Amino acid sequence: QERASAEENILVHHIGGSAQLAGRDPADGLLDFLSCAGKVPLVAFPADFDRVLIERAMKAALGMKPDNRWLDLALIAPAVLGGPGRASLDDWLLRFGIENYDRHDAVADALATAQLLLVVMAAATERGIATWAGLAGIQEDRRWLERAGPMV
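For the sequence shown, the working numbering gives the first residue as 632, with consecutive numbering after it.
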């Protein structure tokens, strides 16, 4: 990037200004990401933040939008596991004893999210939901309920 992020951003993400300025060309990094991700569904908590970030970066650097489907554990976990609908990733990790060795580090957050996905998938399978399509259906139901607003 052309200039380093604000100090607050550096404190959260632990990526110093010199590392930011020495980063790779965005197009090269995004092409590597596409090569790794392929067409598989992507999972995040919450997914919209990552999806929008990746889509904007790809549009700017590559002139295209990836067509991967997304699963949002922030929507699916409460439906499958019970509990509050607005719990944070940290809340879910604590609930299931999943350790995140370096919060706000991309690899550590991805590992912790993958471990939470395994918990969600095991619980969904016990409920007879054993496919990605089934999880995506739960996600869409949750989105619909959020758009519908509170029931009186």
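Just so it is clear, CB atoms sit at the ideal spot from N, CA and C, and this is done for glycine as well. These numbers were taken from a predicted model, which means no experiment stands behind them.
Tell me Leu673's beta-bridge partners as DSSP assigns them. BP columns for Leu673 point to Trp701.
- CB-CB length for Leu706 against Arg774, believed under 8 Å: About 7 Å; that satisfies the 8 Å criterion.
Mind checking which residues open and close the alpha helix (DSSP H) that includes His644? Unbroken alpha helix (DSSP H) run through His644: Glu638 to His644.
Exercise. What's the gap between the Cα of Leu684 and the Cα of Asp722?
Worked result: Their Cα atoms are separated by approximately 23 Å.
Per DSSP, what kind of secondary structure is Asp663 in: helix, strand or coil?
If DSSP states are grouped into helix, strand and coil, Asp663 belongs with the helices.
**OP:** Spell out a yes or no on whether the segment 718-738 and the segment 660-674 are touching, meaning 3 or more CB-CB pairs, one atom from each, closer than 8 Å.
**Re:** Touching, no.
Item to check | Cβ-Cβ distance between His735 and Val674 below 7 Å | outcome: No, Cβ-Cβ distance for His735 and Val674 is not below 7 Å.
Can you round the beta-carbon distance between Leu702 and Leu766 to whole angstroms, since I take them to be within the 8 Å contact cut? Yes, they are in contact, since the Cβ atoms of Leu702 and Leu766 sit about 6 Å apart, within 8 Å.
Notebook entry, point to check: Would you report the Cα separation of Arg687 and Phe676, rounded to the nearest angstrom?
Noted result: Going from the Cα of Arg687 to the Cα of Phe676 covers about 18 Å.
| query | With DSSP run on the structure shown, which of helix, strand or coil describes Thr785? | reply | Absent from the model: residue 785. The displayed extent of the chain is 632 to 783, so no value can be given.
query = In three-state DSSP terms, what is Glu771?
reply = Per DSSP, reduced to three states, the secondary structure at Glu771 is helical.
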